Every structure is written in C-alpha cells, then in structure tokens.
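Below is one structure, written out as structure tokens; the observations come after it.
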Amino acid sequence: MAKLSVNIGSLALKNPVLTASGTFGYGEEFAPFIDLNRLGGYIIKGTTLEHREGNPYPRMVETPSGMLNAVGLQNKGVDYFINNIYPRIKGYDSELIVNVSGAKVEDYVETARRLASLDKVNAIEVNISCPNVKEGGMAFGTTTAGAAEVTRAIREVYPKTLIVKLSPNVTSIADIAKAVEAEGADSVSLINTLMGMSIDVERRRPHLSTITGGLSGPAVRPVAVRMVWQVAKAVKIPVIGLGGIMDGRDAIEFMLAGATAVEIGTANFIDPAVTMKVIDYMEDYCARHGINDINEIIGEI
Ligand SMILES: Cc1cc2nc3c(=O)[nH]c(=O)nc-3n(C[C@H](O)[C@H](O)[C@H](O)COP(=O)(O)O)c2cc1C
Numbered sequence: 388m389a390k391l392s393v394n395i396g397s398l399a400l401k402n403p404v405l406t407a408s409g410t411f412g413y414g415e416e417f418a419p420f421i422d423l424n425r426l427g428g429y430i431i432k433g434t435t436l437e438h439r440e441g442n443p444y445p446r447m448v449e450t451p452s453g454m455l456n457a458v459g460l461q462n463k464g465v466d467y468f469i470n471n472i473y474p475r476i477k478g479y480d481s482e483l484i485v486n487v488s489g490a491k492v493e494d495y496v497e498t499a500r501r502l503a504s505l506d507k508v509n510a511i512e513v514n515i516s517c518p519n520v521k522e523g524g525m526a527f528g529t530t531t532a533g534a535a536e537v538t539r540a541i542r543e544v545y546p547k548t549l550i551v552k553l554s555p556n557v558t559s560i561a562d563i564a565k566a567v568e569a570e571g572a573d574s575v576s577l578i579n580t581l582m583g584m585s586i587d588v589e590r591r592r593p594h595l596s597t598i599t600g601g602l603s604g605p606a607v608r609p610v611a612v613r614m615v616w617q618v619a620k621a622v623k624i625p626v627i628g629l630g631g632i633m634d635g636r637d638a639i640e641f642m643l644a645g646a647t648a649v650e651i652g653t654a655n656f657i658d659p660a661v662t663m664k665v666i667d668y669m670e671d672y673c674a675r676h677g678i679n680d681i682n683e684i685i686g687e688i
C-alpha cells in the first residue's frame, strides 16, 4: 500500500486528510459515524480568548452548490476549552489542531500562549479573517501588514507548529502568504470562505441576519484550487488546501495543485463519513496510478 503520510511543520500526519474548522465541532460529535483515529488530524471550532455568543439567527442558508454562513465564532472561550473539552477529546490517535481567532492582536497572542501548554495540541491554525477592531474593522488577513503583524506576535509566544489560514477576499493571496512565511509561519491553509450575499425576494430581506456571510462548498472549489496553485508556487512552506472538497477526487485535485494536506469542510454536513471515503480514495488512487508515496504528486501541475 502507498505511503500516505505527509509533514506539516513538526507534525507527521498519518495521511493528508484534516477537517475544516467550524464544520466538525470538537470531533467527538462525529465519533458515532467515523473512526477519528484514522484521520490525519482534526481541526476544531474557532476558539477565542473570551466566550462569544455568535451572530443572531438566521445564520446559514443554502445557495447554488454551496452555503452561506455567518455563525460568528460562537464558542465558550479558550479556558473553557482547556478545562472542559480538551480532556474529553485529547485521547484520539490523530493530530488535534485548534483554530484560533481574535479581534485584537493581543487576543490571538494570549489564546495561543494558553494553548501552547497542552501536550496533545501540537499545532494551531490561526484564522486571520476576523475584523481587527483596533484598526477599524478591516480583517487582519486582507493586508500584508496586518497578516504579518499578527503572525509575528503569535510566533513570539507559540513554539509549536503555526499554520496561518488565509482569506480569499484579497487581491493577491500569494503576497499575503509570502508575508506570513517571512514572519515564521510553518504552513498556510487556504481558503477561508468567500464573502457573499443572498436575498429572499418574497420577504424582501437578506437571508442572513448579518446581510453578508461566507460562501463555502463546491461553488468555491475552482477559486480555491487556483489560489492553492498560486500560493504553492510563491512559498516554500507546505500549503494546506481546502474549499469545496466533496470527495477523494477533489482532494487529489488540490494536491496536484500544490497542497501537502487537505481539509474537508461543508461536505461533513452532507455526509459525516466523507473523510473516511477520501482516505480510501487516496489509497485506491495511488494503487491505480502506481504511486508509492503520495508526496510524489504534490504540486505536479
Ligand atoms: C458553518 C461554518 C463555520 C465555520 N467556522 C470557521 C471557524 O470558526 N474558523 C475558520 O477558520 N473557518 C471557519 N469556517 C470556514 C471553513 O473552515 C472553510 O475554510 C470553508 O468553509 C471552505 O471549505 P469548505 O468549502 O470545504 O467548507 C466555517 C465554515 C462553515 C461552513
């Protein structure tokens, strides 16, 4: 059987399949459907320094080949995670990665610092799509200076594997990737959701309480593949690809474009066992194509 293991920073993943933050809860919700120990890793819900209620309902709506969401990072804060959730989910034989968000650089730094002490968390994924409240609400991830600043500050306190998750709502995602690489990020993951909007014409109201929201699902996949290809050519650190991966074929597409690992998001809502099917497909694909090591196909395009 082909070797499926890949490396992201200091993480040795048993295979390239991870779950996307916000679509997989804390992993434990999926235990009735899949063997979590088979995953390369599981990336859990966005975690912030303080408790957050999230946005008012409605905050999800189905759209053509995708969905819009405006959940708004609902979570009980990093200390609740450390004391109550981490002890329940740390036992799986799979890399546990925590997704970190914040409205100020100091929030990110303090959350990362607290997570650094957890034995079973060897990596964080930093979501830089959040509005920077100090800089007037512009997301950290939409300027090279903002992305660099937050990466630099976290790097100072976080010695383990640091993955920075990039926003696609920018002119040049490759420039943002280069900026975070220069500040010491070990990897970049992309894409987060694309900003979108939809209107209920009978009620003459937006579907979401927040009017606009983040688009995910197969509708975004060609944009995501293009961005992964561009970023993989621009940086030396490993790239994690995501955005509309629905099956194993889609996952291989991202790897050919330059992704070392992939994350599965919205597809988990349709089929909670999709991650297992993607791993099975990778094994079968390698056998069919005479590939001994899946690393051989990364960035072939
Ligand atoms: C309901 C929902 C909640 C999400 N929450 C987060 C989050 O907390 N942090 C984050 O970085 N991305 C979050 N995302 C974005 C996903 O992790 C992913 O980047 C995006 O959905 C694209 O992948 P997909 O098309 O496979 O879903 C969320 C997406 C959805 C649909």
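Everything in the sequence shown is counted per the working numbering, starting at 388 for the first residue and increasing by one.
For every residue, glycine included, the Cβ atom is placed at its ideal position computed from N, Cα and C.
Quick caveat: nothing in here was measured; it's all calculated off a predicted structure.
- Counting the other Cβ atoms within 10 Å of the Cβ of His-594 gives 16 or more, which makes it buried.
- Asn-486 has its Cβ nearer than 7 angstroms to a heavy atom of ligand 1.
- Scanning the segment 523 to 562 for uninterrupted beta strand (DSSP E) segments of 3 residues or longer gives 548 to 552, listed from N- to C-terminal end.
- Beta-carbon to beta-carbon, Ser-452 and Gly-604 are separated by about 6 angstroms, close enough to satisfy the 8 angstroms threshold.
- With 16 or more other Cβ atoms inside 10 Å of its own Cβ, Pro-555 counts as buried.
- Straight-line spacing of the CA atoms in Pro-625 and Lys-463 works out to 31 angstroms.
- In the DSSP assignment, Glu-497 falls within the alpha helix (DSSP H) that extends over 492 to 502.
- A distance below 7 angstroms between beta-carbons, with the five flanking residues on each side excluded, links Asn-682 to the following residues of its chain, in chain order: Val-393.
- If you keep only unbroken beta strand (DSSP E) runs of at least 3 residues inside the segment 584 to 658, you get 599 to 603, 626 to 628 and 646 to 651.
- The DSSP-derived three-state label of Asn-471 is helix.
- Burial state of Arg-675 is exposed, judged by a 10 Å Cβ sphere holding fewer than 16 other Cβ atoms.
- Using a cutoff of 7 angstroms, the CB of Thr-597 does not count as near ligand 1, since none of the ligand's heavy atoms is closer than that.
- By the neighbour-count criterion, in which 16 or more other beta carbons inside 10 Å mark a residue as buried, Ser-559 falls on the exposed side.
- Note on geometry: alpha-carbon atoms of Thr-647 and Ala-566 lie some 20 angstroms from one another.
- Per the C-alpha coordinates, the member of Gly-459, Val-612, Gly-478 and Ile-484 positioned closest to Thr-599 is Gly-459.
- Taking one beta carbon from each stretch, the segment 431 to 449 and the segment 566 to 583 have fewer than 3 pairs nearer than 8 angstroms; the two do not touch.
- Secondary structure note for Ala-399: its beta strand (DSSP E) is the uninterrupted segment 398 to 400.
- Look at Ala-674 here: in three-state DSSP terms it is helix.
- In this structure the segment 479 to 495 lies against the segment 418 to 433, because at least three pairs of beta carbons, one per stretch, are closer than 8 angstroms.
- Closest by C-alpha distance to Met-669, out of Pro-659, Asp-658, Phe-641 and Ala-499, is Phe-641.
- Put simply, the backbone Cα of Tyr-413 is about 32 angstroms away from that of Gly-523.
- Look at Met-454 here: in three-state DSSP terms it is strand.
- Assignment of Glu-415 by DSSP, reduced to helix, strand and coil, places it in the helix class.
- Per DSSP, the beta bridge partners of Ser-574 are Ile-550.
- Here Leu-423 carries a helix assignment [DSSP, helix/strand/coil].
- Its chain contains Met-642 and Thr-647 as the residues whose beta carbon lies nearer than 6 angstroms to that of Ile-685, once the 5 sequence neighbours on both sides are disregarded; these appear in chain order.
- Less than 8 angstroms divides the Cβ of Ser-397 from the Cβ of Asn-509.
- From the listed residues Thr-538, Ser-504, Ala-526 and Glu-493, the smallest Cα separation to Glu-512 is found for Thr-538.
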